[in-house]
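Chemist:
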Amino acid sequence: MNFYDFTVDKLRRFMIEQNENPAKSEILFDGIYRRGYKSFEEFGFSKRVVEKLSVFTFDKPEVVRKLDSADAAKLLLRLSDGSFCETVLMRQRFGNCVCVSTQVGCNMSCKFCKSGMLKKRRNLTTGEMTAQVLAVAREFSCKISGVSVMGIGEPFDNFDAVADFCSIITEDKGLAVSRRRVTVSTCGIVPKIREFADITPSVSLAISLHAPNDELRSELMPINKVYPIAEVLDAAAYYSKKTRKRVTLEYILLSGINDVEAHAKELAKLIRGRNLYVNLIPYNETDTNFKKPTAETVNNFCRVLKENGVIATKRREFGAELKAACGQLMAVYTVDSEQ
(Lines of atoms letter the chains of each structure in order from A; the text may use other names.)
(Lines give C-alpha, C1' and ligand atoms only; values in the text may rest on other atoms or scores of the structure.)
Protein backbone atom coordinates (compact mmCIF):
# COMPACT_ATOMS: atom_id res chain seq x y z
CA MET A 4 0.00 0.00 0.00
CA ASN A 5 1.29 3.43 -0.94
CA PHE A 6 1.35 5.75 2.05
CA TYR A 7 0.67 8.74 -0.22
CA ASP A 8 -2.74 7.26 -1.11
CA PHE A 9 -3.96 7.58 2.48
CA THR A 10 -5.86 10.48 3.99
CA VAL A 11 -5.69 10.97 7.74
CA ASP A 12 -9.16 9.41 8.07
CA LYS A 13 -8.16 6.33 6.06
CA LEU A 14 -4.97 6.00 8.06
CA ARG A 15 -6.97 6.32 11.26
CA ARG A 16 -9.23 3.46 10.17
CA PHE A 17 -6.16 1.39 9.34
CA MET A 18 -4.73 1.95 12.82
CA ILE A 19 -8.03 0.97 14.44
CA GLU A 20 -8.09 -2.22 12.39
CA GLN A 21 -4.58 -2.94 13.71
CA ASN A 22 -5.77 -2.37 17.31
CA GLU A 23 -3.52 0.68 17.56
CA ASN A 24 -4.21 4.20 18.78
CA PRO A 25 -5.72 6.14 15.81
CA ALA A 26 -4.07 9.33 17.12
CA LYS A 27 -0.85 8.00 15.60
CA SER A 28 -2.32 8.97 12.20
CA GLU A 29 -1.66 12.66 12.80
CA ILE A 30 1.79 11.84 14.14
CA LEU A 31 2.56 9.87 10.98
CA PHE A 32 1.39 12.69 8.72
CA ASP A 33 3.41 15.25 10.64
CA GLY A 34 6.53 13.11 10.47
CA ILE A 35 6.32 12.17 6.80
CA TYR A 36 4.99 15.38 5.28
CA ARG A 37 6.27 18.11 7.58
CA ARG A 38 9.40 16.72 9.19
CA GLY A 39 10.60 14.74 6.20
CA TYR A 40 11.08 11.38 7.95
CA LYS A 41 12.23 8.69 5.53
CA SER A 42 11.21 5.60 7.51
CA PHE A 43 8.88 4.57 10.30
CA GLU A 44 11.85 3.78 12.56
CA GLU A 45 12.41 7.53 12.97
CA PHE A 46 9.14 7.96 14.87
CA GLY A 47 10.23 6.19 18.01
CA PHE A 48 7.30 3.77 17.82
CA SER A 49 7.54 0.32 19.34
CA LYS A 50 8.77 -2.55 17.19
CA ARG A 51 5.20 -3.89 17.14
CA VAL A 52 3.85 -0.69 15.57
CA VAL A 53 6.71 -0.41 13.08
CA GLU A 54 6.06 -3.96 11.92
CA LYS A 55 2.40 -3.19 11.33
CA LEU A 56 3.33 -0.09 9.36
CA SER A 57 5.76 -2.05 7.20
CA VAL A 58 2.91 -2.82 4.77
CA PHE A 59 3.25 0.76 3.51
CA THR A 60 5.55 1.83 0.70
CA PHE A 61 6.52 5.33 -0.40
CA ASP A 62 6.11 4.96 -4.15
CA LYS A 63 7.14 7.98 -6.20
CA PRO A 64 7.29 8.51 -9.96
CA GLU A 65 10.65 8.93 -11.66
CA VAL A 66 11.62 12.39 -12.91
CA VAL A 67 12.72 11.92 -16.53
CA ARG A 68 12.72 15.51 -17.75
CA LYS A 69 13.07 18.81 -15.91
CA LEU A 70 12.54 22.19 -17.59
CA ASP A 71 12.90 25.54 -15.85
CA SER A 72 12.46 29.24 -16.57
CA ALA A 73 12.14 32.43 -14.55
CA ASP A 74 8.48 32.11 -13.60
CA ALA A 75 7.63 28.45 -14.30
CA ALA A 76 9.06 24.95 -14.42
CA LYS A 77 7.81 21.57 -15.63
CA LEU A 78 8.48 17.96 -14.75
CA LEU A 79 7.86 14.94 -16.94
CA LEU A 80 7.26 11.98 -14.64
CA ARG A 81 7.35 8.27 -15.44
CA LEU A 82 4.74 6.35 -13.43
CA SER A 83 5.08 2.81 -12.10
CA ASP A 84 3.37 1.25 -15.14
CA GLY A 85 5.53 3.16 -17.64
CA SER A 86 2.92 5.85 -18.34
CA PHE A 87 3.85 9.52 -18.17
CA CYS A 88 2.32 12.66 -16.74
CA GLU A 89 3.42 16.27 -16.48
CA THR A 90 3.24 18.69 -13.58
CA VAL A 91 4.05 22.40 -13.51
CA LEU A 92 5.47 24.84 -10.97
CA MET A 93 4.17 28.40 -11.23
CA ARG A 94 6.09 31.01 -9.27
CA GLN A 95 3.28 33.38 -8.37
CA ARG A 96 3.26 36.56 -6.30
CA PHE A 97 1.74 34.82 -3.29
CA GLY A 98 4.14 31.86 -3.50
CA ASN A 99 4.79 28.65 -5.41
CA CYS A 100 1.81 26.89 -6.96
CA VAL A 101 1.80 23.38 -8.45
CA CYS A 102 -0.46 22.49 -11.38
CA VAL A 103 -1.37 18.83 -10.89
CA SER A 104 -2.47 16.27 -13.49
CA THR A 105 -5.21 13.78 -12.60
CA GLN A 106 -5.24 11.35 -15.54
CA VAL A 107 -3.03 9.83 -18.20
CA GLY A 108 -4.73 11.43 -21.18
CA CYS A 109 -8.25 12.88 -21.11
CA ASN A 110 -11.63 11.87 -22.53
CA MET A 111 -13.23 15.32 -22.64
CA SER A 112 -11.91 16.12 -26.17
CA CYS A 113 -12.05 19.91 -25.87
CA LYS A 114 -11.07 21.09 -29.35
CA PHE A 115 -8.46 23.64 -28.25
CA CYS A 116 -6.68 21.53 -25.61
CA LYS A 117 -3.52 19.57 -26.33
CA SER A 118 -4.19 17.16 -23.47
CA GLY A 119 -7.54 16.24 -24.98
CA MET A 120 -5.83 14.92 -28.09
CA LEU A 121 -4.84 11.82 -26.10
CA LYS A 122 -7.67 9.57 -25.03
CA LYS A 123 -7.62 8.63 -21.38
CA ARG A 124 -5.45 5.63 -20.63
CA ARG A 125 -6.15 5.55 -16.93
CA ASN A 126 -6.80 7.61 -13.82
CA LEU A 127 -3.93 8.66 -11.61
CA THR A 128 -4.03 7.42 -8.03
CA THR A 129 -4.23 9.77 -5.07
CA GLY A 130 -0.62 8.91 -4.31
CA GLU A 131 0.49 9.78 -7.84
CA MET A 132 -1.12 13.20 -7.49
CA THR A 133 0.39 13.76 -4.05
CA ALA A 134 3.78 12.70 -5.41
CA GLN A 135 3.61 15.44 -8.05
CA VAL A 136 3.51 18.09 -5.33
CA LEU A 137 6.32 16.40 -3.42
CA ALA A 138 8.42 16.08 -6.59
CA VAL A 139 8.10 19.78 -7.41
CA ALA A 140 9.02 20.78 -3.86
CA ARG A 141 12.02 18.44 -3.93
CA GLU A 142 13.33 19.14 -7.44
CA PHE A 143 13.08 22.91 -7.16
CA SER A 144 13.82 23.21 -3.41
CA CYS A 145 10.72 25.27 -2.73
CA LYS A 146 7.82 25.51 -0.32
CA ILE A 147 4.44 24.92 -1.94
CA SER A 148 1.82 27.56 -1.14
CA GLY A 149 -0.89 26.65 -3.65
CA VAL A 150 -2.20 23.81 -5.80
CA SER A 151 -4.22 24.01 -9.01
CA VAL A 152 -5.80 20.76 -10.15
CA MET A 153 -5.73 21.90 -13.76
CA GLY A 154 -3.19 19.63 -15.46
CA ILE A 155 -3.81 16.72 -17.79
CA GLY A 156 -7.23 15.11 -17.30
CA GLU A 157 -10.69 15.97 -16.01
CA PRO A 158 -10.56 15.90 -12.18
CA PHE A 159 -14.20 14.95 -11.71
CA ASP A 160 -13.74 11.97 -14.03
CA ASN A 161 -11.43 10.72 -11.24
CA PHE A 162 -13.58 12.02 -8.41
CA ASP A 163 -12.70 9.89 -5.38
CA ALA A 164 -8.94 10.09 -5.87
CA VAL A 165 -9.09 13.86 -6.37
CA ALA A 166 -11.22 14.31 -3.26
CA ASP A 167 -8.72 12.32 -1.19
CA PHE A 168 -5.85 14.30 -2.72
CA CYS A 169 -7.48 17.57 -1.66
CA SER A 170 -7.85 16.20 1.86
CA ILE A 171 -4.17 15.20 2.05
CA ILE A 172 -2.70 18.46 0.79
CA THR A 173 -4.89 20.63 3.03
CA GLU A 174 -4.42 18.50 6.16
CA ASP A 175 -2.85 20.65 8.90
CA LYS A 176 -0.50 17.83 9.86
CA GLY A 177 0.22 17.08 6.21
CA LEU A 178 1.22 19.48 3.44
CA ALA A 179 -0.96 22.15 5.07
CA VAL A 180 -1.78 24.07 1.87
CA SER A 181 -4.48 26.63 2.59
CA ARG A 182 -7.89 25.68 1.21
CA ARG A 183 -8.08 29.18 -0.26
CA ARG A 184 -5.01 28.30 -2.35
CA VAL A 185 -6.35 25.01 -3.73
CA THR A 186 -8.45 25.14 -6.89
CA VAL A 187 -10.04 22.23 -8.74
CA SER A 188 -10.98 22.92 -12.35
CA THR A 189 -13.70 21.01 -14.20
CA CYS A 190 -15.16 21.25 -17.68
CA GLY A 191 -18.59 21.01 -16.07
CA ILE A 192 -19.63 17.53 -14.91
CA VAL A 193 -22.72 18.74 -13.12
CA PRO A 194 -23.48 15.85 -10.69
CA LYS A 195 -19.89 15.83 -9.49
CA ILE A 196 -19.86 19.59 -8.93
CA ARG A 197 -22.79 19.15 -6.60
CA GLU A 198 -21.22 16.14 -4.90
CA PHE A 199 -17.95 18.01 -4.44
CA ALA A 200 -19.84 20.81 -2.72
CA ASP A 201 -21.11 18.34 -0.13
CA ILE A 202 -17.73 17.01 0.98
CA THR A 203 -14.86 18.53 2.94
CA PRO A 204 -12.49 20.21 2.57
CA SER A 205 -14.26 22.96 0.65
CA VAL A 206 -11.58 24.14 -1.75
CA SER A 207 -12.05 26.62 -4.60
CA LEU A 208 -13.80 25.59 -7.79
CA ALA A 209 -13.15 26.74 -11.35
CA ILE A 210 -15.40 25.80 -14.26
CA SER A 211 -14.21 25.89 -17.86
CA LEU A 212 -16.93 27.78 -19.73
CA HIS A 213 -15.18 29.21 -22.83
CA ALA A 214 -18.36 30.28 -24.62
CA PRO A 215 -21.43 32.41 -23.84
CA ASN A 216 -24.00 30.12 -25.50
CA ASP A 217 -24.70 26.41 -25.92
CA GLU A 218 -24.22 26.33 -29.69
CA LEU A 219 -20.65 27.61 -29.56
CA ARG A 220 -19.75 25.78 -26.37
CA SER A 221 -20.94 22.46 -27.83
CA GLU A 222 -18.66 23.02 -30.82
CA LEU A 223 -15.67 23.63 -28.59
CA MET A 224 -16.49 21.28 -25.71
CA PRO A 225 -18.46 18.07 -26.37
CA ILE A 226 -19.36 17.82 -22.66
CA ASN A 227 -21.81 20.69 -23.19
CA LYS A 228 -24.09 18.33 -25.12
CA VAL A 229 -24.52 16.38 -21.87
CA TYR A 230 -24.43 19.27 -19.40
CA PRO A 231 -25.46 22.54 -21.07
CA ILE A 232 -24.59 25.97 -19.71
CA ALA A 233 -27.78 26.49 -17.69
CA GLU A 234 -27.19 23.27 -15.74
CA VAL A 235 -23.53 24.13 -15.22
CA LEU A 236 -24.38 27.57 -13.84
CA ASP A 237 -27.05 26.10 -11.54
CA ALA A 238 -24.44 23.66 -10.19
CA ALA A 239 -22.01 26.55 -9.72
CA ALA A 240 -24.66 28.40 -7.73
CA TYR A 241 -25.17 25.32 -5.56
CA TYR A 242 -21.42 25.06 -4.94
CA SER A 243 -21.17 28.73 -4.06
CA LYS A 244 -24.11 28.58 -1.66
CA LYS A 245 -22.92 25.39 0.03
CA THR A 246 -19.27 26.40 0.43
CA ARG A 247 -19.67 30.19 0.61
CA LYS A 248 -17.01 30.47 -2.06
CA ARG A 249 -17.20 32.44 -5.27
CA VAL A 250 -16.83 30.15 -8.28
CA THR A 251 -14.44 31.05 -11.09
CA LEU A 252 -15.49 30.75 -14.72
CA GLU A 253 -12.48 30.13 -16.93
CA TYR A 254 -12.78 31.59 -20.39
CA ILE A 255 -10.08 30.86 -22.97
CA LEU A 256 -10.11 33.57 -25.63
CA LEU A 257 -9.74 32.11 -29.13
CA SER A 258 -9.05 34.62 -31.88
CA GLY A 259 -12.10 35.14 -34.06
CA ILE A 260 -14.04 32.38 -32.32
CA ASN A 261 -15.31 33.61 -28.94
CA ASP A 262 -13.51 36.90 -28.33
CA VAL A 263 -15.53 39.68 -29.93
CA GLU A 264 -17.47 42.36 -28.07
CA ALA A 265 -20.81 40.67 -28.77
CA HIS A 266 -19.57 37.54 -27.00
CA ALA A 267 -18.52 39.60 -23.99
CA LYS A 268 -21.94 41.26 -23.77
CA GLU A 269 -23.69 37.90 -24.15
CA LEU A 270 -21.54 36.41 -21.39
CA ALA A 271 -22.21 39.36 -19.10
CA LYS A 272 -25.96 39.03 -19.61
CA LEU A 273 -25.72 35.31 -18.86
CA ILE A 274 -23.91 35.58 -15.52
CA ARG A 275 -24.60 39.08 -14.19
CA GLY A 276 -25.80 39.01 -10.57
CA ARG A 277 -24.38 35.55 -9.83
CA ASN A 278 -21.60 34.85 -7.32
CA LEU A 279 -19.11 34.24 -10.10
CA TYR A 280 -16.14 35.92 -11.64
CA VAL A 281 -14.50 35.41 -15.00
CA ASN A 282 -10.83 34.57 -15.46
CA LEU A 283 -9.83 35.39 -19.03
CA ILE A 284 -7.09 33.22 -20.54
CA PRO A 285 -5.52 34.21 -23.87
CA TYR A 286 -5.13 31.00 -25.86
CA ASN A 287 -1.74 29.32 -25.57
CA GLU A 288 -1.02 28.12 -29.09
CA THR A 289 -0.29 24.47 -29.90
CA ASP A 290 -0.54 22.61 -33.21
CA THR A 291 -4.30 23.21 -33.50
CA ASN A 292 -5.82 25.76 -35.89
CA PHE A 293 -6.78 28.08 -33.04
CA LYS A 294 -4.90 31.35 -32.59
CA LYS A 295 -4.14 33.65 -29.69
CA PRO A 296 -6.00 36.98 -29.71
CA THR A 297 -4.19 40.29 -29.55
CA ALA A 298 -3.60 42.01 -26.24
CA GLU A 299 -5.99 44.75 -27.40
CA THR A 300 -8.74 42.17 -27.97
CA VAL A 301 -8.20 40.65 -24.51
CA ASN A 302 -8.25 44.05 -22.84
CA ASN A 303 -11.39 45.07 -24.69
CA PHE A 304 -13.20 41.84 -23.77
CA CYS A 305 -12.30 42.38 -20.11
CA ARG A 306 -13.41 46.03 -20.26
CA VAL A 307 -16.82 45.13 -21.72
CA LEU A 308 -17.43 42.54 -19.00
CA LYS A 309 -16.59 45.03 -16.26
CA GLU A 310 -18.75 47.74 -17.83
CA ASN A 311 -21.63 45.27 -17.77
CA GLY A 312 -21.32 44.42 -14.08
CA VAL A 313 -19.10 41.31 -14.21
CA ILE A 314 -15.97 40.84 -12.12
CA ALA A 315 -13.24 39.83 -14.55
CA THR A 316 -9.49 39.29 -14.42
CA LYS A 317 -6.83 38.41 -16.98
CA ARG A 318 -4.77 35.40 -16.05
CA ARG A 319 -1.07 35.98 -15.77
CA GLU A 320 0.63 33.77 -18.34
CA PHE A 321 3.04 31.11 -17.09
CA GLY A 322 5.32 28.67 -18.86
CA ALA A 323 4.40 29.08 -22.53
CA GLU A 324 8.08 28.91 -23.44
CA LEU A 325 8.21 25.47 -21.79
CA LYS A 326 4.92 24.31 -23.32
CA ALA A 327 3.73 24.28 -19.72
CA ALA A 328 0.88 26.78 -20.01
CA CYS A 329 -2.85 26.12 -19.82
CA GLY A 330 -3.93 23.73 -22.58
CA GLN A 331 -0.37 22.83 -23.63
CA LEU A 332 0.35 19.87 -21.37
CA MET A 333 0.45 16.47 -22.98
CA ALA A 334 1.67 13.18 -21.56
CA VAL A 335 4.31 11.70 -23.86
CA TYR A 336 5.08 8.04 -24.04
CA THR A 337 8.62 8.11 -25.35
CA VAL A 338 10.99 10.38 -23.50
CA ASP A 339 12.61 11.66 -26.67
CA SER A 340 9.31 12.69 -28.26
CA GLU A 341 8.66 16.37 -28.83
CA GLN A 342 6.18 17.81 -26.37
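Here the sequence shown stands for residues 4 to 342, numbered as in this note's numbering.
Using N, Cα and C, we set each Cβ at its ideal position, and we do this for glycine too.
Keep in mind that this is a model prediction, so the values were computed, not measured.
(1) What are the complete alpha helix (DSSP H) segments, minimum 4 residues, inside the segment 135-169?
(2) Does L257 come out as helix, strand or coil in the three-state DSSP assignment?
(3) Can you give the beta carbon distance from E222 to C190, rounded, assuming they're within the 8 Å contact cut?
(4) For S211, which residues from the same chain have a beta carbon less than 6 Å from its beta carbon, with the 5 sequence-adjacent residues on both sides left out?
(5) Check this for me: beta carbons of S148 and R125, under 8 Å apart or not?
(6) Measure the Cβ-Cβ separation of R197 and Y241 and say whether it is below 8 Å.
(7) Is the beta carbon of N311 closer than 8 Å to that of K268?
(8) Would you give the residue range spanned by the beta strand (DSSP E) that C88 belongs to?
(9) What are the residues that DSSP puts in a beta bridge with I284?
(10) Assuming contact is defined by CB atoms lying nearer than 8 Å, are F32 and E174 in contact in what I supplied?
(11) Could you name each continuous alpha helix (DSSP H) segment of 4 residues or more that falls completely within the segment 191-249, going from the start of the chain to the end?
(12) Taking only the alpha-carbon atoms, compute the straight-line gap between L78 and N161 and give it to the nearest angstrom.
(13) According to DSSP, is C102 part of a helix, a strand, or is it coil?
(14) Below 6 Å CB to CB, which residues in the same chain sit around L178 once its five sequence neighbours on both sides are set aside?
(15) When you compare the segment 94-112 with the segment 39-52, are there three or more beta-carbon pairs, one atom per stretch, that lie closer than 8 Å?
(16) Any idea which residues DSSP pairs L308 with across the strands?
(17) Check each candidate in G130, T291, L283 and name the one with the smallest Cα separation from T297.
(18) Just how far apart, CA to CA, sit K13 and H266?
(19) Going by the beta-carbon positions, is the gap between T133 and A200 smaller than 8 Å?
(20) Give me the residue from L121, V53, K195, E142 with the minimum Cα distance to A166.
(21) Do the segment 108-116 and the segment 213-228 make contact, defined as three or more Cβ pairs closer than 8 Å?
(22) Determine the closest residue to V206 out of P215, L219, V180, V53, with distance taken between C-alpha atoms.
(23) Buried or exposed: where does T337 fall if 16 or more other Cβ atoms within 10 Å of its Cβ makes it buried?
(24) Round the Cβ separation of M153 and S188 to the nearest angstrom and send it over; I've been treating them as touching at under 8 Å.
(25) So, are the CB atoms of E89 and I155 less than 8 Å apart?
(26) Rounding to the nearest angstrom, what Cα-Cα distance links S1 and R319 in this structure?
Modeler: This is what the structure gives:
(1) none
(2) coil
(3) 14 Å between Cβ atoms; not a contact.
(4) C190, E253
(5) no
(6) yes
(7) yes
(8) 87-95
(9) I255
(10) yes
(11) 193-200, 217-223, 232-246
(12) 21 Å
(13) strand
(14) Y36, I172
(15) no
(16) BP columns for L308 are empty, so no partner.
(17) L283
(18) 47 Å
(19) no
(20) K195
(21) yes
(22) V180
(23) A caution first: T337 carries a pLDDT of 43, below 50, which makes its placement in the model unreliable, though a value can still be read off. The residue in question, T337, is exposed, as its Cβ has fewer than 16 Cβ neighbours within 10 Å.
(24) 4 Å
(25) yes
(26) Residue 1 lies beyond the range of the chain shown here (4 to 342); nothing can be said about it.
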